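Visitor: With this note's numbering, the residue at position 342 of the sequence shown is 499, and numbering never jumps.
C-beta atoms are modelled at their ideal positions from N, C-alpha and C, and glycine is treated no differently.
Predicted model, so just to flag it, every value in this text is computed and none were measured.
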Amino acid sequence: MEQFIGCDAHKRYSVFVAVGEDGRCGPEWKVSHTDGAFEAFLEALPAGSEIALEACSSYYWMVAAMERNRHRPHLAHPLEAKRRMGKSHKTDKLDAKGLAILLRNGTLPEVWIPPAELRDQRELLRLRMQLAQQRTRWKNRIHGAWIRYNLHVEASDAFGVRGREQMPQQLGTLPPHTRRSVEQQLAVLDFVESQIADCERRLAGLLEPSEEVRLLRTLPCVGPILSAVLWLEIGDVNRFPDAPHLASYAGLVPRVRASGGHTRLGPVCRDVNHHLKWAFVEAANLVAVNQRRLGPCHVLELYQRLKKRKNHQKAVVAVGRHLAEAAYWILKKREAYREPKAPRQAVSSTCG
């Protein structure tokens with residue numbers, strides 16, 4: 158008889174519960190994550206077992222172990238799974254049993270499991286994104302010291318070649334402890350810059366042969382880094398039934414509340430892929446920054462129209478949504494970005 162297994166995963170152990178086709182619940186198994194106990198437990202299960210677990214921070218290695226042992230893991234959306242289980246009490250056993258029942262009933266809210274190679278490649282790109290955020294924080298701290306002591310670097314980019322040439326002279330006017338602090342921050346900034354450059358070199362070698370990255374770069378204001386983020390975070394575009402689903406996954410679609418003939422649009426959802434959302438919003442912000450360079454185009458017209466009617470933030474989200482839906486069709490059809498066709502004007506049947 159086929160059995161459906163639920164796994165409630167924790168940092169140091171997991172709890173497994175099996176439910177048969179007849180709905181009967183088996184015993185609880187508490188399996189440690191150390192000393193090979195987890196691997197041994199999986200080896201003892203019948204090959205091809207269906208195992209449901211929530212998308213938690215440790216699912217990478219657990220899914221890999223299940224696949225090595227020829228099982229079929231199913232990744233569940235944590236919040237939606239809890240809603241569907243609808244339990245007022247919470248224990249490890251109840252959570253594992255609830256996942257097993259959802260899997261048996263065919264109501265498990267599954268999310269896509271990226272291939273192992275893609276999971277690994279994402280780490281490189283996400284590291285680069287974190288380093289870029291750190292670089293901005295260190296630059297802001299150094300700027301703060303400059304402002305506190307009314308110092309100025311006569312360069313368009315204070316951290317460019319010309320700006321860095323002027324800094325030693327400016328540092329000499331600072332109090333001793335502040336000067337030493339800024340010197341250390343500059344050293345950390347240089348190290349972060351070197352790490353970013355190393356990440357970008359590896360990314361260039363990784364993504365150079367990719368046709369998908371080349372096509373995504375045809376999107377307005379999308380360059381090498383943003384196209385890499387889009388490709389690696391979207392993954393297999395066929396997992397989305399249509400373009401609006403990809404835009405929703407990226408957090409660029411407002412909540413809709415409709416009742417009694419009244420429809421209200423709320424804020425965008427928060428439970429989304431934040432890396433993908435950042436990439437589309439970043440590209441949309443670049444549209445706003447580079448208005449003069451872009452010339453007449455749909456994304457610029459969309460931004461300007463919505464900014465005038467609403468505000469910058471909502472206009473940027475709308476442009477990001479357009480880019481997300483365009484990215485879907487680019488990857489689906491494997492074609493470069495094209496400007497949307499203007500709607501045809503209605504022709505009057507009367508003569509003036």
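1) Identify every run of the alpha helix (DSSP H) within the region 297-384, keeping only runs that are complete inside it and at least 4 residues long; order them along the chain.
2) Out of Glu357, Tyr217, Ser367, which one is the CA nearest neighbour of Ala273?
3) Helix, strand or coil: how does DSSP classify Trp269 here?
4) Tell me Leu232's beta-bridge partners as DSSP assigns them.
5) Would Cys454 be called buried (16 or more neighbouring beta carbons within 10 Å of its own) or exposed?
6) Quick test of your reading: Leu328 and Lys296, contact by CB under 8 angstroms. State the CB separation rounded to the nearest angstrom.
7) Would you identify the three-state DSSP class for Glu185, choosing helix, strand or coil?
8) Given that a residue counts as buried once 16 or more other Cβ atoms are within 10 Å of its Cβ, and exposed if not, what is Ser506?
9) Going by other Cβ atoms of all chains shown within 10 Å of its Cβ, with 16 needed for buried, is Cys508 buried or exposed?
10) Between Pro230 and Val220, is the Cβ-Cβ spacing less than 8 angstroms?
11) First and last residue of the alpha helix (DSSP H) that includes Ala175?
12) DSSP state of Ala166, grouped into three classes?
13) Just the C-alpha distance for Met242 and Glu196, rounded to the nearest angstrom, thanks.
14) Candidates Lys434, Ile391, Ile487, Leu363: which alpha carbon is nearest Leu372's?
15) Relative to the C-alpha of Arg337, which candidate in Glu311, Ile299, Val310, Pro366 has its C-alpha closest?
16) Taking DSSP's pairing of strands, which residues face Pro411 in a bridge?
17) From Val504 to Lys498, what does the alpha carbon distance come to, in whole angstroms?
18) Just the Cα atoms here: how many angstroms apart are Pro424 and Arg412?
19) Considering just the uninterrupted stretch of the alpha helix (DSSP H) at Lys251, what are its terminal residues?
20) For Glu496, report the span of its alpha helix (DSSP H) as first-last.
21) Within its chain, find whatever has a CB closer than 7 angstroms to the CB of Asp314; leave out the 5 residues flanking it on each side and keep chain order.
22) If you follow the alpha helix (DSSP H) that Asn442 is part of, which residue opens it and which one closes it?
23) Please tell me whether Leu265 and Cys164 are closer than 8 angstroms, where the distance is taken between their beta carbons.
24) With three or more C-beta pairs closer than 8 angstroms as the rule, is the region 461-474 touching the region 380-391?
25) Any contact between the region 278-290 and the region 198-210? By contact I mean 3 or more CB pairs, one from each, below 8 angstroms.
26) List the whole-angstrom C-beta distance separating Gln342 from Leu288, where the pair is believed to meet the contact cut-off of C-beta under 8 angstroms.
27) According to DSSP, is Phe518 helix, strand or coil?
28) Apart from the five residues on each side of it in sequence, which residues of its chain come closer than 6 angstroms, Cβ to Cβ, to Leu364?
29) Between which two residues does the alpha helix (DSSP H) carrying Glu200 extend?
30) Just to confirm before moving on: does the CB-CB distance between Ala407 and Phe437 stay below 8 angstroms?
31) Report yes if the CB atom of Val260 is closer than 8 angstroms to the CB atom of Ala222, and no otherwise.
Guide: On the basis of the coordinates in this document:
1) 318-328, 333-364, 368-373
2) Ranked by Cα distance from Ala273, the first of Glu357, Tyr217, Ser367 is Tyr217.
3) coil
4) Leu210, Val268
5) That one is exposed.
6) With a beta-carbon spacing of about 16 angstroms, Leu328 and Lys296 fall beyond the 8 angstroms limit used to define contacts.
7) Note: Glu185 maps to strand in three-state DSSP.
8) Only weak support is given to the placement of Ser506: the predicted model assigns it a pLDDT of 38, under 50, and the question is left unresolved by the model.
9) Per-residue confidence for Cys508 stands at a pLDDT of 36, beneath the threshold of 50, marking its modelled position as unreliable; no derived number is given.
10) yes
11) Premise fails: Ala175 lies in the beta strand (DSSP E), 170-177, not in any alpha helix (DSSP H).
12) In the three-state reduction of the DSSP assignment, Ala166 falls in the strand class, which pools E and B.
13) 28 angstroms
14) Ile487
15) When only C-alpha atoms are compared, the closest one is Ile299.
16) Val425
17) Note that Val504 has pLDDT 42, beneath the 50 cutoff, so the model's placement of it is unreliable and no number is given.
18) For Pro424 and Arg412, the distance between alpha carbons rounds to 6 angstroms.
19) For the record, residue 251 in the displayed sequence is Leu; it is not Lys. Unbroken alpha helix (DSSP H) run through Leu251: 249-262.
20) Per DSSP, Glu496 belongs to no alpha helix (DSSP H) and is neither H nor E.
21) Gly320
22) 431-446
23) no
24) no
25) no
26) That pair is no contact at about 15 angstroms.
27) Any question about residue 518 goes unanswered here, given that the chain covers just 158 to 509.
28) Val370, Ala385
29) 194-201
30) yes
31) Correcting the residue identity first, residue 260 is Leu in this sequence and not Val. No, the Cβ-Cβ distance between Leu260 and Ala222 is not below 8 angstroms.
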